[in-house]
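Just below is one structure, and these are the notes that go with it.
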Amino acid sequence: MKDAYQVRVHVIEARQLKGSDDHPSVNPITKIRLRAGDGRDAVDKTQYTRKEHATNSVLWDETKIFQEEFSREQFKSAKLELDVEDDHGFFSNTVIGGAQFDLMAVYEYRSHEIYGRWVALMREGSGSTIQGYLRVSITVLKEGDQPKIHSATDLDEDGADNDLVIGMPDIDTETYKLIIKMYRVELAPYGFTNKPALQVRVRFGSTEMRTAIARPSYEAGLNDELLLAVFLPTLTDRIKIDVINTRDDGAVLWSGALVVRIDGAFGPELQVCTSPVPPLHLRCTSAAPPLH
């Protein structure tokens, strides 16, 4: 006897995908493969996301659905394989890294789902070296089960940067320092009752730092330096920045984010990162020596 199942795979995004020395950027595509059982009754189905070009981070936001019937023994052996591949066009794809899930294990989660979780991508032959990160939701429903309804904000990134879906093997980590230098903030003098007392809040992963509070002004010279510890490998590659008004209960006047390449090859070179719109100009640099 077989039961009908629906397997939903929401491939959300990938970050820090590793390329080769010759080609640091990749053309990522995610291969979703569902396998169960052996012999004539074996299930082996594959779907793909779209291909992106010359990048190491990608937002797919694509949902793939499998409708299958499994016997009890097939369901016990059913696996979902997610491989992020580098698409070479007419030539064979190469696997950047992948992750594997047992359908029975996912089904036993609350609401029969793993929702908006990050997983580290590993590749055979690369030991415990992480090849990138993939964020996914996986839902396994048996006929008669009702899916959980999520709100539009359930996938917000806050707090998700360190939330991996499975326990990882022992991974050697190194600690570096990321120096964030703030120079100046300029605001248009409109919509304020009083001049704002500006402060910049910087968040990197679960670490948060703030500059000193500037004197009330629409043009504040900060000249401040923040030092953040960075543990490699790390999940996040985004520096989140808020300009706040401390005279108005910390009201956020501007928010943005910068993507910083974090590949372990920190050097003494300077990266100048300017926000796409005012009011913030940010210079960030990473020191070569690790912290001990």
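Per our numbering, the sequence shown runs over residues 17 to 308.
Note that the Cβ used here is the ideal one computed from N, Cα and C, for glycine as well.
- In the three-state reduction of the DSSP assignment, Met120 falls in the helix class, which pools H, G and I.
- Nearest neighbour of Arg254 by Cα position, chosen from Ser41, Thr262, Lys158 and Ile196, turns out to be Ile196.
- Here Val156 is buried: its Cβ has 16 or more other Cβ atoms, across all protein chains shown, within 10 Å.
- The continuous beta strand (DSSP E) containing Glu129 extends over residues Glu129 to Leu137.
- With contacts defined by Cβ atoms closer than 9 angstroms, Leu75 and Ile146 do not form a contacting pair.
- With a 10 Å radius around the Cβ and a threshold of 16 neighbouring Cβ atoms, Phe107 comes out exposed.
- According to the DSSP assignment, Phe91 belongs to the alpha helix (DSSP H) that extends over Arg88 to Ser93.
- Pairwise C-beta distances place the region 88 to 98 out of contact with the region 63 to 74, as fewer than three of them are shorter than 8 angstroms.
- Of the residues Leu269, Ser167 and Gln22, the one whose Cα lies closest to the Cα of Arg217 is Leu269.
- For His39, there is no enclosing beta strand (DSSP E), as DSSP marks it with neither H nor E.
- Distance from the CA atom of Leu119 to the CA atom of His104, rounded to whole angstroms, is 30 angstroms.
- Residue environment: Asn261 is assigned as buried (16 or more neighbouring CB atoms within 10 Å of its CB, all protein chains considered).
- Taking one beta carbon from each stretch, the region 19 to 28 and the region 78 to 85 have 3 or more pairs nearer than 8 angstroms; the two touch.
- In the three-state scheme derived from DSSP, where H, G and I count as helix and E and B as strand, Gly113 is classed as strand.
- Counting along the chain, Glu159 sits inside no beta strand (DSSP E), nor does DSSP assign it H or E at all.
- Taking the C-beta atoms as reference points, Val135 is found no nearer than 9 angstroms to His128.
- In the structure shown, Asp102 falls within a strand segment according to DSSP collapsed to helix, strand and coil.
- A Cβ-Cβ contact shorter than 9 angstroms links Asn109 with Lys47.
- Residue range Lys18 to Arg31 is occupied by the beta strand (DSSP E) that includes Glu29.
- In the structure shown, Arg254 adopts extended strand secondary structure according to DSSP, grouped into three states.
- When C-alpha distances from Glu85 are compared across Lys256, Arg151 and Asp57, the shortest belongs to Asp57.
- Residue state for Thr223 is assigned as strand, using DSSP reduced to three classes.
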